[in-house]
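S.K.: Below are the structure tokens for one structure; questions will follow.
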Amino acid sequence: MALADKLAHLVRGVCSGMGRTVSGAVARVKRGAPPLGLVMLAFFLTVAGFLAAVGFGAAPTTHNHVPKVQVIAGTRASAAELGNRSHIGGIAAINLPAASAAPVAAPTTLVDAPPLASREDFAFAPYWTLPQSAGFSLTGLSTLDYFSVGVNPDGSLLQSGPGWNGYQSAALADLITRAHTAGERVVLTVNDFGQSSLDSLTSEPTAPATLAAALIPALQAKNFDGVNFDFEGSGSHDQAGLTNLIATVSSDLRAADPHWQITMDTYASSAGDPGGFYNIPALAPSVDAFFVMAYELNLQSPASSASPLTSGMFSDLTTVEQYTSVVPASKVIVGTPFFGIDWPTNNGTLAAQATGPATDIADTQTQGPNRPQYWDPVTETGWTSYLVGTQWHESYFESPYALFQVALLAAHYNARGVGIWALGMEDNDGEMITALDGFAPPGGPGGTGPTATSGSPPPVVPLAAGATTTTPTPAGPHPVAGPASTTPATVPVTSSTTTTVPAITGVFHGTTRALTTVASGNVDRLLSLGIIYNFTTTDPAFSCLNGKSMTVYLYGALTGRYVAVATTPTDCVTQEFTFPD
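FYI, the numbering used here numbers position 510 of the sequence shown as 755, with every residue one higher than the one before it.
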């Protein structure tokens, strides 16, 4: 199946945080928990540090992770019902001192430049993070977005509540000044997440003019450099009205200042969903770029250990391909998460089983001296395991290397750039923004983690290739990634007495694939698609690779085949093996 034909599922993103940190959406991170029963996940949006009740899925046969499915009020939500709006429900009001003066305006070099940087690094700063904003690392960013001020059903701005308090605050004025001094734009998000309110906003004839008239002085008062629209609803009945609203307001804004940047937040599935809330091709002329909220993909998909970056389920790859097929790639900013998901588990290995519900956590909560950073090559996400008393926990999150892969994907498709939800969730770790800037983290992705910890089942010793036995396979989870998978696979191979070509197999995205040798030198190494593991063959030329794992890349010019690469001195031989997409 060609890459352009990959099937889309639904989309992503819920947020809430755990304990001491206000978290944002629930990331592209590992698609779900270590398995526990029937898929059934529930999310209840509450104040900063909310508990997210998340269900579990039946275990895949080859890798013990399942995708997250989200349920609101007991009913499974569609992709079009989840976005940034899930990040703010119930968050308590903030009370910050008001600014005594306007922030410093952008320098002339920035004002006279095009509205978008040649490569955008777009980061949200939500109002609830303003108390810590003095410590934000702004290096490497091109646009900083203050989130947010509400829009009323008639198009006027909501001049009350925590978002408006943040807009008026000295903390925001100081942040705008810092960003301008660093040569970065600052824009204002205006939002409406209520369906009935959106119905009115998109149908009221005077709403566009009202919103434009309110926005222009609001941007000028704080020396903002543009606006970000975050209107999130469901169904298609508001499509025409929303398109008209954005077109009219954008036209008025550009008349007021042609250098203002205009962006719009949209769902990851929207470019491939003409019956959804957004008409992406119709909206495109009115905005400089779409901020595509690609925080949690593979959502509502069957249990799988597939990578959220490149899998045939709804992935980052699906998102970018769909958007760049209907709008210019220069209008696509790929949104990424600074948050993850945590489960209590029965041990600390990749094969662990969930023992309770999951919580969503900021990346800051995956860091610390007792939380070593690992890499899961199957789902292409960072992870860690740690003990709380006698209870094991596992967290899956966007590590710097995972963010680096998103940056490579965006560059591969000539997208405008990448985005961040949200500053303050990464403990001001400059390495994460550096990774999104396209620089590989030092040391690569990291090790795959422990193969046995307290609570782990006895290790399963796989059979040698071609062997037979009548002994039943022990029950329980079988690790398939990392050091535990360095022995030959259990898949029997065709005997050399029955075929003239020795069988060569490996496991990719949970499925055993037949490999074929090809001449080296045809690999597009810009984007890794994951890891093929449990290499198995009876061919003496390659038997030294048995049990090994290899990186998988696109083959040639997107021919619909992948290639696994073995190279010396890391591997015992240098060879490329192709297999169908």
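Note that beta-carbon positions come from the ideal geometry of N, C-alpha and C, so glycine has one too.
Quick caveat: nothing in here was measured; it's all calculated off a predicted structure.
Does Leu361 come out as helix, strand or coil in the three-state DSSP assignment?
M.R.: Residue state, collapsed to three classes: coil.
S.K.: Please report how far the alpha carbon of Asp390 lies from the alpha carbon of Arg806, in whole angstroms.
M.R.: About 40 Å.
S.K.: Is Gly688 near Tyr619, with beta carbons less than 8 Å apart?
M.R.: In this structure, Tyr619 does not lie closer than 8 Å to Gly688 by Cβ.
S.K.: Within a Cβ cutoff of 8 Å, which residues of the same chain sit near Ala459, ignoring the five residues on either side of it in sequence?
M.R.: Excluding residues within five positions, the ones whose Cβ falls inside 8 Å are Gly400, Ser401, Leu402.
S.K.: Between Val565 and Ala655, is the Cβ-Cβ spacing less than 8 Å?
M.R.: In contact: Val565 and Ala655 (Cβ atoms closer than 8 Å).
S.K.: Measuring alpha carbon to alpha carbon, tell me which residue in Leu361, Thr783, Pro342 is nearest Val532.
M.R.: For Val532, the nearest C-alpha among the options comes from Leu361.
S.K.: Tell me whether Ala379 is buried or exposed, calling it buried when 16 or more other Cβ atoms sit within 10 Å of its Cβ.
M.R.: Result: exposed.
S.K.: As an exercise, report each continuous beta strand (DSSP E) stretch of at least 3 residues that is fully enclosed by the stretch 353-441, in chain order.
M.R.: Counting only runs of 3 or more, we get 365-371, 388-395, 430-437.
S.K.: What's the gap between the Cα of Ser515 and the Cα of Gln636?
M.R.: If you take the alpha carbons of Ser515 and Gln636, they lie about 41 Å apart.
S.K.: Cβ of Asp510 within 8 Å of Cβ of Phe474?
M.R.: Yes; because the gap between Cβ atoms is below 8 Å, this pair is in contact.
S.K.: With distance defined between alpha-carbon atoms, name the residue in Ser630, Asn659, Ser644, Val623 nearest to Thr796.
M.R.: Minimum Cα distance to Thr796 is reached at Val623.
S.K.: Where does Gln465 fall in DSSP's three states?
M.R.: It is helical.
S.K.: Using the beta-carbon count (16 or more within 10 Å), is Ala370 buried or exposed?
M.R.: So Ala370 ends up on the buried side.
S.K.: Taking just the CA atoms, how far does Ala652 sit from Thr679?
M.R.: Using only the alpha carbons, I get a separation of about 10 Å.
S.K.: Can you tell me which of the three DSSP states Tyr807 falls into?
M.R.: Three-state result, Tyr807: strand.
S.K.: At which residues does the beta strand (DSSP E) containing His638 begin and terminate?
M.R.: 636-642 is the extent of the beta strand (DSSP E) around His638.
S.K.: Do you know how far the Cα of Thr781 is from the Cα of Pro825?
M.R.: If you take the alpha carbons of Pro825 and Thr781, they lie about 17 Å apart.
S.K.: By DSSP, does Glu676 sit in helix, in strand, or in coil?
M.R.: Residue state, collapsed to three classes: helix.
S.K.: Which two residues bound the contiguous alpha helix (DSSP H) that contains Gln567?
M.R.: 561-571 is the span of the alpha helix (DSSP H), which, as asked, contains Gln567.
S.K.: Return the Cβ separation of Leu443 and Phe476 in integer angstroms, given the expectation that the two are a contact with Cβ distance under 8 Å.
M.R.: Yes, Leu443 and Phe476 are in contact; Cβ-Cβ is about 6 Å, under 8 Å.
S.K.: Determine, using beta carbons only, whether Asn329 and Gly395 come nearer to each other than 8 Å.
M.R.: Cβ distance not < 8 Å, so Asn329 and Gly395 don't count as in contact.
S.K.: Leaving out five residues before and five after Pro785 in sequence, what residues of the same chain have Cβ atoms less than 6 Å from its Cβ?
M.R.: Cβ neighbours of Pro785 beyond the five flanking positions: none.
S.K.: Straight-line CA distance for Ala416 to Ala647?
M.R.: Between Ala416 and Ala647, the C-alpha separation is close to 31 Å.
S.K.: From Pro352, Gly520, Thr422, pick the residue whose C-alpha is nearest to that of Ala214; which is it?
M.R.: Outside the displayed range of the chain (246 to 826) lies residue 214, so it cannot be described from this structure.
S.K.: In chain order, what residues of the same chain have a beta carbon less than 6 Å from the beta carbon of Val808, not counting five sequence neighbours either side?
M.R.: So the qualifying residues of the chain are Val768, Tyr798, Tyr800, Glu821, Thr823.
S.K.: What would DSSP say about Ala685, mapped onto helix, strand or coil?
M.R.: In the structure shown, Ala685 sits in coil (DSSP, three-state: anything other than H, G, I, E or B).
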